[in-house]
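**Student:** Below you'll find the structure I mean.
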Amino acid sequence: MTKQTFNSIQALRGIAALLICCVHCITSKIGSNENTHSVISELGRIFISIGNWGVDLFFIISGFIITLLIFKTNECSFKNAFCFLIKRFFRIYPLFWITISVAAFITFLIGYRGIEFQKLYDFKVILLLAHIYPFLGVAWTLSFEVFFYLGVFLFLCFFNKKYFIQFLLCWGGILFIFIILHHNNIFTFNYYTMTDPRVLEFFIGGLLLPILIRRKNVFYDKYISITFGAIVILIGASNAYVNVPKHAYLGYWEIVYLNGFGSALLLYGFVGLEYHNKIYIPTSLKKLGDISYSIYLWHFPIIGLSLLINLKLNFYQHLPIIYHSIIEIITTILISILSYYMIERPSIHYSQRLSFKILSKNKVGN
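All you need for the working numbering is the position in the sequence shown, starting with 1, plus 129.
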């Protein structure tokens, strides 16, 4: 696996982010000026059923990408570990801080003055170590990302990169046992990134890479993998669709073995086929993947802004409610394009320059 980037991964990221955006932009309108059997309610039910799969796909992709990054690392050292942390920091935190601040400001303009504003000063919220986030509910998934990154950082500090898969197996196995014990009330400790089965999806994603490397010259199994992955995800979506009216959705373990393993099968298939140049990924989907993180974070403030406009402008209030959702989705995409070029890319480039300086000093010192 010598490729630096896979367009198929970017495409899957973009689709996942857009699905999650649609879920929230549509479901936030359920019950607004329409009866519960309206078109918006049915659309919400459909998007909830399939859209929540996007989070599991993100986790699978993160595990795969980080493992690929470790495999391409020249050596494990404190400086390389520090550079890894710098890059992850600037990839996640600047945009998170900006979007949660904007979301809080919009909420203030709407007229809300609740206790959530005090939580903005909580270091656990600032550092993405919390469970629930004020004004930016989707940020809960970033706590899982940070947890996984910190574990990888420790590995880079103390171990040889050739043991990374063994490290993933041991770490994931320990977490699996811990989760089982917790769910059976044997352990009462409840730090949710260590007790939620979805954290295991990072390890599933990471373990895909050695399988792909071992079978890199075979491609027929990739078609089979995509087919079965789609079937498994559709089974999960149909189960969720039935449970939506009961507010039950899928259980935690169902999420892992349906959405998680289904996502892993899709990723294995698409990446393997792209490696053999068997599929073509449209540029539009790659670009959508580039702005996926911005879409994921910005759609919450945009929904709040739409609510603010709805409170202030009469003509907006009289638009069909589905138009509100469409406007929010389109606005989110446009804002995300600006966000990517004005916030994300500069942050990424800065972290790369900073890391290069650190590693260059190390070489000069030698």
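Heads up, the beta-carbon is just placed ideally off N, CA and C, and yes, glycines get one too. Note that the coordinates shown come from a computational prediction; the quantities given were computed from them, not determined experimentally.
Distance check for Pro-430 and His-166, CA to CA, integer angstroms please.
**Tutor:** Its pLDDT being 49, under 50, His-166 is placed unreliably by the model, and nothing is read from it.
**Student:** Exposed or buried, Ser-489, counting other C-beta atoms within 10 Å across all chains shown (16 or more means buried)?
**Tutor:** Ser-489 should be labelled exposed.
**Student:** Just how far apart, CA to CA, sit Glu-330 and Asn-388?
**Tutor:** Answer to the nearest angstrom: the Cα atoms are 9 Å apart.
**Student:** Return the residue from the list His-260, Phe-332 and Tyr-404 that minimises the CA-CA distance to Tyr-320.
**Tutor:** Looking at the Cα atoms, His-260 is the closest of the given residues.
**Student:** Would you mind stating whether Arg-174 and Tyr-370 have Cβ atoms separated by less than 8 Å?
**Tutor:** Yes, the pair counts as a contact, with Cβ atoms nearer than the cut-off.
**Student:** In angstroms, rounded to a whole number, what distance separates the CA positions of Ile-294 and Ile-199?
**Tutor:** Each residue's Cα considered, the two are about 10 Å apart.
**Student:** Within the chosen definition, does the segment 185-194 reach the segment 432-443 through at least 3 CB pairs nearer than 8 Å?
**Tutor:** No, they do not touch.
**Student:** In whole angstroms, what separates the C-alpha of Gly-240 from that of Ile-340?
**Tutor:** Cα to Cα, Gly-240 sits roughly 53 Å from Ile-340.
**Student:** With Tyr-381 and Pro-449 assumed to form a contact (beta carbons below 8 Å), what rounded beta-carbon distance in angstroms separates them?
**Tutor:** Tyr-381 to Pro-449, Cβ: 37 Å. No contact.
**Student:** Taking just the CA atoms, how far does Ile-424 sit from Ser-465?
**Tutor:** Answer to the nearest angstrom: the Cα atoms are 5 Å apart.
**Student:** From the DSSP output, in three-state form, read off Lys-290 for me.
**Tutor:** Three-state DSSP puts Lys-290 in a helix.
**Student:** What are the boundary residues of the alpha helix (DSSP H) that includes Tyr-349?
**Tutor:** Counting along the chain, the alpha helix (DSSP H) containing Tyr-349 begins and ends at 349-372.
**Student:** Just to confirm my understanding: we take Gly-280, look at its own chain, exclude 5 residues before and 5 after, and list those with CB closer than 8 Å. What are they?
**Tutor:** Correct list, in chain order: Trp-300.
**Student:** Would you mind giving the Cβ-Cβ distance between Ile-227 and Ile-420, rounded to the nearest angstrom? I have them listed as a contact below 8 Å.
**Tutor:** The pair is not a contact, with the Cβ atoms about 15 Å apart (cut-off 8 Å).
**Student:** My understanding is that Leu-394 touches Val-347, with C-beta atoms under 8 Å, so please give their C-beta distance in whole angstroms.
**Tutor:** With 8 Å as the limit, Leu-394 and Val-347 do not qualify as a contact, their Cβ atoms being about 15 Å apart.
**Student:** Grouping DSSP H, G and I as helix and E and B as strand, with all else coil, what is Asn-406?
**Tutor:** The answer is coil: DSSP assigns Asn-406 none of H, G, I, E or B.
**Student:** Using 8 Å for Cβ pairs, my map puts Phe-219 next to Ser-476. What's the rounded Cβ distance?
**Tutor:** Indeed they touch by this definition, with Cβ atoms about 4 Å apart.
**Student:** Report the option in Leu-467, Glu-274 and Leu-249 whose CA atom is closest to the CA atom of Tyr-262.
**Tutor:** Ranking Leu-467, Glu-274 and Leu-249 by Cα distance to Tyr-262 puts Leu-249 first.
**Student:** Which two residues bound the contiguous alpha helix (DSSP H) that contains Asn-443?
**Tutor:** Counting along the chain, the alpha helix (DSSP H) containing Asn-443 begins and ends at 443-446.
**Student:** Using three-state DSSP, classify Pro-475 as helix, strand or coil.
**Tutor:** It is helical.
**Student:** Run through DSSP, which three-state label would Gly-302 get?
**Tutor:** In this structure, Gly-302 counts as helix in the three-state DSSP scheme.
**Student:** Buried or exposed for Ser-367, please, with buried defined as at least 16 other CB atoms from any protein chain shown within 10 angstroms of its CB.
**Tutor:** By the 10 Å Cβ count, Ser-367 comes out exposed.
**Student:** Taking 8 Å as the cut-off, does the segment 210-217 touch the segment 401-421 (at least 3 CB pairs, one atom from each stretch)?
**Tutor:** Too few Cβ pairs lie closer than 8 Å, so no.
**Student:** Report the three-state DSSP secondary structure of Ala-259 (helix, strand or coil).
**Tutor:** Of the three classes helix, strand and coil, the one that applies to Ala-259 here is coil, per DSSP.
**Student:** I need the straight-line Cα distance from Trp-269 to Leu-298, nearest angstrom please.
**Tutor:** Each residue's Cα considered, the two are about 25 Å apart.
**Student:** For a test of the three-state rule: what should DSSP assign to Cys-151, helix, strand or coil?
**Tutor:** In this structure, Cys-151 counts as helix in the three-state DSSP scheme.
**Student:** Measuring CA to CA, which of His-153, Phe-282 and Phe-135 is closest to Ile-455?
**Tutor:** Checked all of His-153, Phe-282 and Phe-135; the closest Cα to Ile-455 is His-153.
**Student:** Is Ile-149 buried or exposed, if buried means 16 or more other CB atoms sit within 10 Å of its CB?
**Tutor:** Per the 10 Å Cβ criterion, buried.
**Student:** The alpha helix (DSSP H) spanning Leu-197 covers which residue range?
**Tutor:** Counting along the chain, the alpha helix (DSSP H) containing Leu-197 begins and ends at 182-201.
**Student:** Does the Cβ-Cβ distance between Ala-232 and Gly-433 come in under 8 Å?
**Tutor:** Closer than 8 Å, so yes.
**Student:** Kindly indicate the opening and closing residues of the alpha helix (DSSP H) around Tyr-321.
**Tutor:** Its alpha helix (DSSP H) spans residues 321-324.
**Student:** Helix, strand or coil: how does DSSP classify His-166 here?
**Tutor:** Residue placement at His-166 is flagged as unreliable, the pLDDT there being 49, under the threshold of 50; a coordinate-derived value is accordingly withheld.
**Student:** Taking just the CA atoms, how far does Gly-192 sit from Arg-343?
**Tutor:** Taking the straight line joining both Cα atoms gives about 18 Å.
**Student:** Select from Asn-209, Thr-156 and Ile-179 the residue whose C-alpha is nearest the C-alpha of Ile-458.
**Tutor:** Of Asn-209, Thr-156 and Ile-179, the residue nearest in Cα terms is Thr-156.
**Student:** Would you check whether the ligand COA has a heavy atom nearer than 7 Å to the C-beta of Phe-284?
**Tutor:** Absent from the structure shown: the ligand COA. Ligands present: none.
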